[in-house]
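As structure tokens, the structure follows; a few thoughts come after it.
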Amino acid sequence: MRIKLGWSAGFFITLLALFFLSGFAWPEVLAFNESPMTSQLVKEGKLPPVDKRLPPSPVVVKPFEKPGLYGGTWRRAYTGLSDLVGTRRLLYDPLVRWSPTYAIEPNLASKWEVSADGKAFTFHLVKGVRWSDGESFTADDILFYFEDMVFNKELTPAVPKWLAPAGVPPKVTKVDEYTIRFEFDRPYGLFLQQLACPHGMDLVSYPKHYLKKFHKKYAKPEELEAMMKEKKASSWVKFFHDVSASRDAVFTDKNMPSIFAWITTEPAPAKRFVMQRNPYYWKVDPNGNQLPYIDTIVHELQAESQTILLKAIAGEIDMQGRRLGGMQNSVLLLASRGQGNYKLVPKTSTASVGLLLAPNLNHPDPVMQKILSDRRFRIALSHAINRKEINKIVYRGKGTERQVAPLKESAFYSPSYEKAYLEYSPDKAKALLDEMGLTVGPTGKRMRPDGQPVRLSLDVVVEIQSWVDTAEILASNISHLGIDTEVKSETRELFMQRVESAAHDIALWTGDGGMECLLEPRWYFPYSGESLNAPLYGKWFQSGGKQGTEPPADIKELMDIYSQILSTVSEEKQKELFAKIIAANEKNLWVIGLVHDPPDYYVVAPNMYNLPKRDFQSWIYPNPGPIYPEQFFFAPK
Amino acid sequence: MNEESKIEEKKREEKYLNASTRQLIWWRFKKHKLALMGLYIIGVMYFCAAFCEFLSPYHKDTRHSDCVYAPSTKIRVIDHKDRFRRPFVEAIEPDIDLESQQLCYKPVQGSCCPIRFLVRGDKYLFWGLWETDLHLFGVEPPGRIFLFGTDRMGRDMFSRCLYGSRVSLSIGMLGVFLSLFLGLVLGGISGYVGGWIDGLIQRTIEIIRCFPSIPLWMGLSAAMPPHWPALKVYFAITIILSLVGWTDLARMVRGKLIALREEEFVLAARFAGAGHARIIFRHLLPSFTSHIIVAITLAIPSMILAETALSFLGIGLRPPVTSLGVLLKEAQNVTTIALYPWLLIPVLFVIVAVLAFNCAGDGLRDAVDPYSR
Numbered sequence: 157m158r159i160k161l162g163w164s165a166g167f168f169i170t171l172l173a174l175f176f177l178s179g180f181a182w183p184e185v186l187a188f189n190e191s192p193m194t195s196q197l198v199k200e201g202k203l204p205p206v207d208k209r210l211p212p213s214p215v216v217v218k219p220f221e222k223p224g225l226y227g228g229t230w231r232r233a234y235t236g237l238s239d240l241v242g243t244r245r246l247l248y249d250p251l252v253r254w255s256p257t258y259a260i261e262p263n264l265a266s267k268w269e270v271s272a273d274g275k276a277f278t279f280h281l282v283k284g285v286r287w288s289d290g291e292s293f294t295a296d297d298i299l300f301y302f303e304d305m306v307f308n309k310e311l312t313p314a315v316p317k318w319l320a321p322a323g324v325p326p327k328v329t330k331v332d333e334y335t336i337r338f339e340f341d342r343p344y345g346l347f348l349q350q351l352a353c354p355h356g357m358d359l360v361s362y363p364k365h366y367l368k369k370f371h372k373k374y375a376k377p378e379e380l381e382a383m384m385k386e387k388k389a390s391s392w393v394k395f396f397h398d399v400s401a402s403r404d405a406v407f408t409d410k411n412m413p414s415i416f417a418w419i420t421t422e423p424a425p426a427k428r429f430v431m432q433r434n435p436y437y438w439k440v441d442p443n444g445n446q447l448p449y450i451d452t453i454v455h456e457l458q459a460e461s462q463t464i465l466l467k468a469i470a471g472e473i474d475m476q477g478r479r480l481g482g483m484q485n486s487v488l489l490l491a492s493r494g495q496g497n498y499k500l501v502p503k504t505s506t507a508s509v510g511l512l513l514a515p516n517l518n519h520p521d522p523v524m525q526k527i528l529s530d531r532r533f534r535i536a537l538s539h540a541i542n543r544k545e546i547n548k549i550v551y552r553g554k555g556t557e558r559q560v561a562p563l564k565e566s567a568f569y570s571p572s573y574e575k576a577y578l579e580y581s582p583d584k585a586k587a588l589l590d591e592m593g594l595t596v597g598p599t600g601k602r603m604r605p606d607g608q609p610v611r612l613s614l615d616v617v618v619e620i621q622s623w624v625d626t627a628e629i630l631a632s633n634i635s636h637l638g639i640d641t642e643v644k645s646e647t648r649e650l651f652m653q654r655v656e657s658a659a660h661d662i663a664l665w666t667g668d669g670g671m672e673c674l675l676e677p678r679w680y681f682p683y684s685g686e687s688l689n690a691p692l693y694g695k696w697f698q699s700g701g702k703q704g705t706e707p708p709a710d711i712k713e714l715m716d717i718y719s720q721i722l723s724t725v726s727e728e729k730q731k732e733l734f735a736k737i738i739a740a741n742e743k744n745l746w747v748i749g750l751v752h753d754p755p756d757y758y759v760v761a762p763n764m765y766n767l768p769k770r771d772f773q774s775w776i777y778p779n780p781g782p783i784y785p786e787q788f789f790f791a792p793k
Numbered sequence: 017m018n019e020e021s022k023i024e025e026k027k028r029e030e031k032y033l034n035a036s037t038r039q040l041i042w043w044r045f046k047k048h049k050l051a052l053m054g055l056y057i058i059g060v061m062y063f064c065a066a067f068c069e070f071l072s073p074y075h076k077d078t079r080h081s082d083c084v085y086a087p088s089t090k091i092r093v094i095d096h097k098d099r100f101r102r103p104f105v106e107a108i109e110p111d112i113d114l115e116s117q118q119l120c121y122k123p124v125q126g127s128c129c130p131i132r133f134l135v136r137g138d139k140y141l142f143w144g145l146w147e148t149d150l151h152l153f154g155v156e157p158p159g160r161i162f163l164f165g166t167d168r169m170g171r172d173m174f175s176r177c178l179y180g181s182r183v184s185l186s187i188g189m190l191g192v193f194l195s196l197f198l199g200l201v202l203g204g205i206s207g208y209v210g211g212w213i214d215g216l217i218q219r220t221i222e223i224i225r226c227f228p229s230i231p232l233w234m235g236l237s238a239a240m241p242p243h244w245p246a247l248k249v250y251f252a253i254t255i256i257l258s259l260v261g262w263t264d265l266a267r268m269v270r271g272k273l274i275a276l277r278e279e280e281f282v283l284a285a286r287f288a289g290a291g292h293a294r295i296i297f298r299h300l301l302p303s304f305t306s307h308i309i310v311a312i313t314l315a316i317p318s319m320i321l322a323e324t325a326l327s328f329l330g331i332g333l334r335p336p337v338t339s340l341g342v343l344l345k346e347a348q349n350v351t352t353i354a355l356y357p358w359l360l361i362p363v364l365f366v367i368v369a370v371l372a373f374n375c376a377g378d379g380l381r382d383a384v385d386p387y388s389r
């Protein structure tokens with residue numbers, strides 16, 4: 157049974173209880189309060205009192221609406237081990253984090269210094285943070301991740317790219333127990349942002365005191381051997397990977413300590429995967445109440461996302477966005493909202509557009525390459541597209557028609573690029589094509605200079621229905637220009653194979669990086685093989701000129717600008733430089749944007765509070781982590 | 017009993033005695049009302065499938081972008097001033113229900129678009145032979161007629177059902193003829209030659225039959241290269257279906273042949289110097305054609321169901337080919353069932369077609385042996 161009390165009453169009782177329990181000995185106890193769940197354990201002597209568990213000056217989280225009440229079970233649903241990503245995104249506590257407005261803010265590192273040349277970063281950790289088993293979290297744990305995991309050639313053959321931007325990993329030093337220092341060989345302007353990304357969590361997910369006994373460097377060989385035998389592991393590396401299991405271990409193994417708000421009590425993939433409050437969580441609300449407010453999170457195993465949708469509609473899910481996204485689900489969720497089983501909180505996609513056209517600048521056929529590289533051709537396509545129709549059919553008229561430009565909420569917003577060449581005007585398009593010399597032949601089709609008819613195929617992955625639908629509309633739009641256009645819908649693997657070898661004419665993909673333009677610049681210039689408009693130029697850039705194809709001067713210039721941004725620390729200067737990239741995009745329209753998709757929704761129980769009015773939906777911003785799930789709470793019904 | 021009725025009685029008896037087997041079968045079949053109805057329905061369905069471009073008011077891929085997920089159009093005869101008119105529909109315009117944020121459609125007040133026959137509409141290539149734009153029926157603009165509503169891209173479901181049944185029904189037919197061919201040849205050889213060949217073929221059949229059919233189909237269609245064009249996939253699916261379906265027919269043909277090859281008329285034919293081929297095709301086959309027809313009629317619905325199942329699972333036909341299974345796949349989610357139930361109408365087509373075939377087949381089975389009472 158949940159104890160239903162007003163928060164002041166709860167506060168009072170807890171206070172009183174603590175007061176008596178402590179035997180009037182420690183007046184400073186009054187500073188912090190805790191959940192009845194943990195105070196019970198303290199009473200039984202199974203836990204030290206709350207002030208011994210919290211850091212001397214814990215991180216204070218300001219609730220969105222009001223201070224909450226303790227207790228309650230947060231019901232969610234998941235589809236199995238592969239679906240733990242959704243849970244992972246609830247537990248977001250890297251060194252520095254994204255704030256709900258998508259800016260950098262301190263978290264586990266309370267402050268930091270960046271050297272003037274942008275090469276050295278010094279982080280000061282919050283003192284007294286403890287792992288969920290009570291051990292202290294110190295710079296040693298971060299050092300363990302680097303020295304014994306990342307820099308261990310056996311465990312990590314290649315250092316992750318974000319930690320070694322130019323292939324050279326940083327020098328990591330422990331200044332003191334709570335200070336750690338990173339030194340890169342060149343300026344790394346995006347290091348803080350990178351730390352706030354989901355992969356930044358790797359630094360804080362590996363408890364040295366626990367993992368030591370599985371690590372070859374520290375463990376006694378015979379003990380390690382015995383443990384490996386027990387787990388039937390074929391090699392030490394595999395065994396260590398199994399135990400540490402790249403951040404999922406906290407869900408599948410009860411013994412793995414963590415620093416997150418909730419810890420696993422019944423591990424996944426059980427029918428009911430249960431997590432309970434971490435008694436050592438190091439955050440409080442402004443009144444000194446230890447967070448999280450909610451005691452328990454239960455994930456129920458479901459076979460399929462459609463059943464999760466049905467559960468959400470029936471009000472059997474308290475707060476979840478995963479597996480409930482997409483236009484079709486949103487429509488049903490909105491339609492059934494009247495039953496009062498839930499409220500909906502929108503989350504805006506941070507992709508600049510839901511879908512874009514990436515004409516291949518690296519086309520194997522020289523004639524096609526010349527056509528696709530002509531900016532007039534791309535502008536003609538943009539004018540030929542009836543975005544209104546796409547918006548009506550695919551997004552129910554609720555999307556925003558725009559180019560692949562940074563979003564309004566972004567620091568790099570450019571209104572002129574957003575609106576460039578949006579007008580639906582087949583006549584303008586035809587005029588541009590005529591100007592290029594792609595004139596209409598006797599059969600009514602446009603002819604290439606070599607006398608062949610121009611043909612286009614639109615490559616799209618078949619798994620996402622709305623993409624295929626959009627592609628069909630695009631094909632009929634473009635066909636009106638006298639260009640035979642077919643939709644090539646393929647499975648994801650096949651699509652990837654084709655586009656990464658640059659065998660396509662035009663590929664369709666989502667416009668990632670509408671907010672996080674610097675972290676995900678693939679649509680602003682050929683950044684990597686994932687820049688589907690010029691995968692070979694992208695590979696050239698990534699490999700430093702060793703692979704791929706050398707791009708022409710105007711694209712090389714953009715690459716230079718981006719490299720400058722990377723080595724710039726000042727945000728103002730970064731903005732200034734990036735504006736140049738945007739201007740070049742506006743002129744050349746390398747990729748053609750369609751429509752920014754309408755928001756997806758979190759399904760939220762009517763009595764759950766402390767959620768913001770809206771959130772972002774992104775991979776890099778692991779929502780809803782940045783909106784502090786630890787301060788969500790249930791009000792009595 | 018008077019003289020006249022006696023003569024009539026005699027005439028009828030004479031007619032019965034002189035009637036050919038075919039006539040007898042037909043008479044017997046006619047008595048089976050359900051079977052007769054099934055046969056008519058099959059006839060109508062295949063007719064619709066054959067002339068689907070003409071019968072449907074729109075092309076299957078025409079998008080009506082402002083009528084996405086429109087429910088079926090109401091046909092009315094009384095207008096807003098209570099006057100009696102020839103059947104008409106009202107033009108609709110989209111409207112957003114603010115409370116639930118749902119798209120709904122409301123009729124434009126006073127619009128009255130009569131239904132006309134033989135109208136000009138979307139262009140199509142009739143049977144791939146000549147281009148025309150004549151449709152059996154349509155409405156005057158700005159009205160639009162969606163008998164079964166529209167789908168997520170504003171395409172008319174009625175037209176899509178007709179196009180879809182063309183593919184599904186023809187796959188059933190084609191598939192059955194393929195398996196008939198395989199069944200006749202292999203079953204014929206097995207039954208007529210006998211010996212170790214018979215054993216080999218029979219064991220093969222047993223092996224094929226002991227595979228559970230859906231996983232077998234799934235495996236075969238997964239082996240299909242994903243980059244194949246739609247038409248090739250269509251034929252491949254036909255072949256896959258018939259590769260499994262031929263075994264029943266082969267068994268039946270073999271059984272019949274074994275029974276018949278010892279008959280006197282075969283012996284007579286052999287003494288008269290007839291070759292194997294002549295004996296098989298001239299004497300043996302005709303004596304069990306009727307059984308084959310029954311078997312075919314009963315095999316077609318399972319083919320139709322198999323295609324629908326495969327496409328529904330997403331491993332059969334793929335858009336832009338439109339079959340009943342493909343249409344159903346598009347309706348495969350909770351949202352459809354909750355908000356757009358008309359997208360499930362293709363199920364009715366499947367049910368009706370399969371039922372009709374089964375009824376007709378049942379009647380035929382009774383009728384093929386007209387001498388039994």
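Protein chains in written order, with the numbering used here: chain A, 157 to 793; chain B, 17 to 389. Backbone N, C-alpha and C fix where the C-beta goes; we use that ideal spot for every residue, glycine too.
Burial state of residue i (16 or more Cβ within 10 Å)
i: W212(B); result: exposed
i: Q495(A); result: exposed
i: G180(B); result: buried
i: D149(B); result: exposed
i: H151(B); result: buried
i: M157(A); result: With a pLDDT of only 39 at M157(A), under the threshold of 50, the placement of this residue in the model should not be trusted, and no figure is reported.
i: C120(B); result: exposed
i: P219(A); result: buried
i: K477(A); result: The sequence as given places Gly at residue 477(A); Lys does not occur at that position. By the neighbour-count rule (16 or more Cβ atoms within 10 Å), G477(A) is buried.
Given residue i as reference, the closest of the options once Cα atoms are compared
i: I415(A); options: K387(A), K712(A), L251(A); result: L251(A)
i: H80(B); options: F67(B), I108(B), S318(B); result: I108(B)
i: W438(A); options: N189(A), G704(A), Y718(A), N689(A); result: N189(A)
i: Y108(A); options: F307(A), G471(A), L517(A), S195(A); result: Missing from the structure shown is residue 108(A); chain A here goes from 157 to 793 and no further.
i: G379(B); options: G210(B), E19(B), F45(B); result: F45(B)
i: V285(A); options: A295(A), G482(A), F277(A); result: A295(A)
i: I308(B); options: S318(B), H299(B), I331(B), L265(B); result: L265(B)
Check whether residue i and residue j have beta carbons under 8 Å apart
i: F300(A); j: K387(A); result: no
i: R428(A); j: E456(A); result: yes
i: G165(B); j: W358(B); result: yes
i: L340(B); j: P362(B); result: yes
i: K736(A); j: I717(A); result: yes
i: Y226(A); j: D451(A); result: yes
i: Y258(A); j: Y777(A); result: yes
Chain-ordered chain D contacts of residue i [CB-CB under 9 Å]
i: R79(B); result: Here chain D cannot be found, since the structure's protein chains are A and B.
Whole-number beta carbon distance between residue j and residue i, since they are thought to touch under 8 Å
i: T324(B); j: L344(B); result: 7 Å
i: L512(A); j: W746(A); result: With a Cβ gap of about 10 Å, L512(A) and W746(A) do not count as contacting.
Does the structure place the region 188-196 of chain B close enough to the region 649-661 of chain A that three or more beta carbon pairs sit under 8 Å? no
Would you call the region 54-62 of chain B and the region 118-132 of chain B in contact, with 3 or more CB pairs under 8 Å? no
Inter-stretch contact (C-beta, 8 Å, three-pair minimum) for the region 531-540 of chain A and the region 738-754 of chain A: Judged by pairs of C-beta atoms under 8 Å, the region 531-540 of chain A touches the region 738-754 of chain A, as three or more such pairs exist.
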